[in-house]
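Residue 1 is where the sequence shown starts when you use full-length UniProt numbering, and the numbers rise one by one after that.
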Amino acid sequence: MFKPILGLKASADPQQLASRLRYKPEVFEFYTSQDDFSQIGLRRLKEAVLEVQNQATKRIVLHQPMKYHGEFLEMITPKKLLPELYYFLEKSTNDLLDLAFDHDCQVLVHGSYELKNPQVLEYYGSLEMARQVTFERLDYFSQLGGQKILFENGISPIFFFGDPTMTKKYWTGAIV
């Protein structure tokens with residue numbers, strides 16, 4: 001009979017963490033917010049990772065924030081158009097990868113969300129160019145993170161694993 005693996009998710013908030021750890025999950029996912037990337041926030045996140053490792057499991061996933069100041073963290077965020085958002089995408093990914101390498105965790109980032117900001121797609125001029133930039137950015141982060149980074153599927157036309165056209169163009173013959 002199949003034995004399910006218990007995985008739980010929480011922020012680094014001590015009360016939330018305590019409520020999940022009493023169940024001794026086999027996999028633990030931290031969802032993060034922009035507040036977790038200050039000096040204090042990163043220290044709190046590191047302490048929470050260590051607490052989970054000491055009390056429950058070594059199998060930890062650090063989930064990159066979805067938003068920064070209300071804007072989705074899109075891989076195709078143009079540096080010229082939205083420099084602060086672009087910087088946060090870079091910084092948060094690198095900070096999480098540092099934690100992952102230091103404490104043997106995984107980092108989960110999204111290839112794309114639903115493109116709520118039309119300026120982002122307009123900047124690239126076409127869906128095809130936006131896809132190309134997305135895959136270049138994913139490749140960049142893949143090289144930085146190696147086996148420590150995972151990319152979560154989305155429902156965006158830019159990054160949607162399962163779309164037959166994208167599968168044929170980008171993944172035919174690739175090991176996925």
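C-beta atoms are modelled at their ideal positions from N, C-alpha and C, and glycine is treated no differently. Remember, predicted model here, so these are calculated numbers, not experimental data.
Pair within 8 Å by beta-carbon distance, residue i and residue j
i      : j      : result
Thr32  : Leu62  : yes
Gly154 : Gly111 : yes
Val109 : Phe159 : no
Leu21  : Ala56  : yes
Glu84  : Asn117 : no
Pro65  : Gln34  : yes
Val107 : Leu115 : no
CB-CB length for residue i against residue j, believed under 8 Å
i     : j      : result
Leu73 : Lys67  : 7 Å
Lys58 : Asp104 : 6 Å
Glu26 : Leu50  : Contact doesn't hold; Cβ gap of about 18 Å is too wide.
Phe28 : Leu8   : 6 Å
Three-state secondary structure assigned by DSSP to residue i
i      : result
Gly41  : helix
Ala56  : coil
Leu8   : strand
Tyr87  : helix
Ile149 : strand
Phe159 : coil
Phe2   : coil
First through last residue of the beta strand (DSSP E) which encompasses residue i
i      : result
Gln64  : First-last for Gln64: undefined, no H or E at that position.
Tyr31  : Val27 to Tyr31
Gln106 : Gln106 to His110
Close beta carbons around residue i, own chain, < 6 Å, minus the five adjacent residues each side
i      : result
Arg44  : Ala12
Ala10  : Gln16, Leu17 and Arg20
Ala174 : Note on Ala174: pLDDT 44, under 50, position unreliable in the model; the coordinate value appears next. Nothing listed; no residue qualifies.
Same chain only: Cβ atoms within 7 Å of residue i, ignoring 5 sequence neighbours per side
i      : result
Pro157 : Leu127
Ala130 : Ile76, Leu121, Tyr124 and Ile158
Leu89  : Leu73 and Thr77
Phe101 : Lys148
Leu138 : Met75, Gly111 and Phe151
Lys24  : Ala56
Phe141 : Thr93, Val109 and Ile149
8 Å CB neighbourhood of residue i in its chain, flanking five on each side removed
i     : result
Leu42 : Asp36, Asp95 and Leu99
Alpha helix (DSSP H) segment containing residue i, residue limits
i      : result
Phe141 : Leu127 to Gly145
Leu17  : Pro14 to Leu21
Pro118 : Pro118 to Tyr124
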